[in-house]
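A.B. asks: Just passing along the structure, written as structure tokens.
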Amino acid sequence: MLIVFFVLAFVAVGTAISMLLTRNAIYSAIFLVLNFGTVAILYLILGAPFIALSQITVYAGSVVVLFLFVIMLLGAERMPGGEPLKWQRFLAIPLIIILAADFAINIAREGGKIGMVDLPIKGYGAPADIGEILFTQYALPVEVTAIILLVAVVGAIVLAKVDQTGRRRDMYKREQR
Amino acid sequence: MIPVEYYLALSATLFALGILGVLLRKNALVVFMSLELMFNAGNLAFITFARMFETISAQVVVFFVMTVAAAEVAIGLALMVEIFRTKRSIDIDQLNSLKG
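Taken in sequence, the protein lines are chains C and A. Take 43 as the starting number for the first sequence in our numbering and just add one per residue. Take 256 as the starting number for the second sequence in our numbering and just add one per residue.
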């Protein structure tokens with residue numbers, strides 16, 4: 043069991059690092075799919091099959107396809123190399139090291155005391171149970187989520203309307219002068 | 256049997272890598288992908304605790320997080336397409352029009 047976890051953790055961290063390092067945004071998106079896939083398997087091990095399959099359909103499916111679509115639409119695979127903000131890099135790396143040390147210290151301090159998780163018993167976290175809670179106890183949040191999605195769809199359509207773009211571009215060009 | 260802190264360590268690592276991407280990468284799309292990575296790390300910690308305390312409700316919360324993240328991606332990518340159409344670039348160092 044531990045071996046499976048370590049293999050999955052290795053793949054997840056490896057794909058995350060590769061996603062950050064590769065210069066081509068399309069490869070980044072592909073590595074992101076792999077990462078989501080491995081995390082979905084971890085969800086399965088943790089007894090959340092419904093969440094695991096939602097992860098695959100929502101994240102690895104639609105979100106990454108949307109990313110790939112936008113990357114190819116914009117032709118933004120490779121950014122033209124400009125000078126990176128040097129001071130930002132010098133500031134970012136120590137801050138990340140502090141954050142990672144903070145995580146490490148806290149996890150190490152609680153290490154061994156938090157508990158162990160085993161493979162779930164058969165039928166734990168079944169989609170039927172989730173659905174039952176979702177539509178009884180969490181009925182109001184479901185409705186709110188529906189409204190959020192509706193607003194997101196309407197917002198995306200309004201933002202992508204073509205006839206506004208020319209005016210904005212003129213404004214931007216006037217500002218540049 | 257896997258100790259819970261292994262999952263938490265993995266989640267923390269993924270979260271730190273996501274922050275690293277947000278801070279260091281210049282391509283706005285890759286910054287966005289790093290944000291998704293951080294959402295994912297948070298969800299992993301959440302599911303771990305859900306398993307530890309044996310509550311199904313926590314899984315429902317993760318489901319809501321995923322829904323809101325999907326809405327955020329739709330809006331964010333629409334904004335990015337619009338910024339690209341206006342400025343012909345999605346390099347985040349170029350987005351400095353509000354600078355005084």
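Just so it is clear, CB atoms sit at the ideal spot from N, CA and C, and this is done for glycine as well. Just so we're clear, the structure is a prediction, and the values are computed from it rather than from any experiment.
1. Which residues, in chain order, does the segment 289-303 of chain A contribute to contact with chain C at a C-beta distance below 8 angstroms?
2. What does DSSP give as the partner residues of Met158/C in its beta bridges?
3. Tell me, to the nearest whole angstrom, how far the beta carbon of Ala94/C is from that of Tyr85/C; I am working on the premise that it is less than 8 angstroms.
4. I'd like to know if the segment 163-181 of chain C and the segment 310-317 of chain A are in contact, where contact means that at least 3 CB-CB pairs between them fall below 8 angstroms.
5. Could you pull the DSSP bridge partners for Asn282/A from this structure?
6. Within the chosen definition, does the segment 203-218 of chain C reach the segment 150-157 of chain C through at least 3 CB pairs nearer than 8 angstroms?
7. Could you give the distance in angstroms between the alpha-carbon of Val320/A and the alpha-carbon of Arg65/C?
8. From Arg211/C, Thr187/C, Ile140/C and Ala150/C, pick the residue whose C-alpha is nearest to that of Leu275/A; which is it?
9. Below 8 angstroms on C-beta distance, what does Val112/C contact in chain A?
10. Between Leu272/A and chain C, is there a C-beta pair that is closer than 8 angstroms?
11. Does Leu263/A get closer than 8 angstroms to chain C when you measure Cβ to Cβ?
12. With a CB to CB cut of under 8 angstroms and the five nearest residues on each side skipped, what residues in its chain are close to Met335/A?
13. Looking at C-alpha atoms only, which residue of Glu337/A, Val317/A, Asn298/A and Ile330/A is the closest neighbour of Ala267/A?
14. Can you tell me whether Thr99/C is buried or exposed, with buried defined as 16 or more other CB within 10 angstroms of its CB?
15. How about Val49/C and Leu74/C: are their beta carbons less than 8 angstroms apart?
16. Contact criterion: CB-CB distance below 8 angstroms. Does Ile156/C meet it with respect to chain A?
17. Under 9 angstroms between beta-carbons, which chain C residues line up against Leu269/A? List them in chain order, please.
C.D. replies: From the atom records:
1. Ser289, Glu291, Leu292, Asn295, Asn298, Leu299, Ile302 and Thr303
2. For this step, residue 158/C is matched to residue 116 along the first sequence. The partner list for Met158/C (beta bridge, DSSP) reads Pro258/A.
3. Position 52 of the first sequence holds residue 94/C. Position 43 of the first sequence holds residue 85/C. Right, their Cβ atoms sit about 4 angstroms apart.
4. yes
5. Looking up residue 282/A in the second sequence gives position 27. Asp346/A.
6. no
7. Counted from its first residue, the second sequence places residue 320/A at position 65. Counted from its first residue, the first sequence places residue 65/C at position 23. Cα to Cα, Val320/A sits roughly 29 angstroms from Arg65/C.
8. Here residue 275/A corresponds to residue number 20 of the second sequence, with the count starting at 1. Ranking Arg211/C, Thr187/C, Ile140/C and Ala150/C by Cα distance to Leu275/A puts Ile140/C first.
9. Position 70 of the first sequence, counting from 1, holds the residue named residue 112/C. Those within 8 angstroms of Val112/C in chain A are Leu284, Leu332, Met335 and Val336.
10. Numbered from 1 along the second sequence, position 17 holds the residue referred to as residue 272/A. Yes, Leu272/A lies at the interface with chain C (some Cβ there is under 8 angstroms from its Cβ).
11. If you number the second sequence from 1, residue 263/A lands on position 8. Closer than 8 angstroms: yes.
12. Within the second sequence, residue 335/A is the residue found at index 80, counting from 1. Taken in chain order, the residues that qualify are Ala283, Leu284, Phe287 and Ile345.
13. One-based indexing of the second sequence puts residue 267/A at position 12. For Ala267/A, the nearest C-alpha among the options comes from Asn298/A.
14. Numbered from its first residue, the first sequence carries residue 99/C at position 57. Flag for Thr99/C reads exposed.
15. Start at 1 with the first residue of the first sequence, and residue 49/C comes out as number 7. Start at 1 with the first residue of the first sequence, and residue 74/C comes out as number 32. Going by C-beta atoms, Val49/C is not nearer than 8 angstroms to Leu74/C.
16. By one-based count along the first sequence, residue 156/C stands at place 114. Chain A, which has a Cβ nearer than 8 angstroms to the Cβ of Ile156/C, makes this yes.
17. Position 14 of the second sequence, counted from the start, is the residue given in the question as residue 269/A. Here the neighbours are Ala54, Val55, Ala58, Asn77 and Val81.
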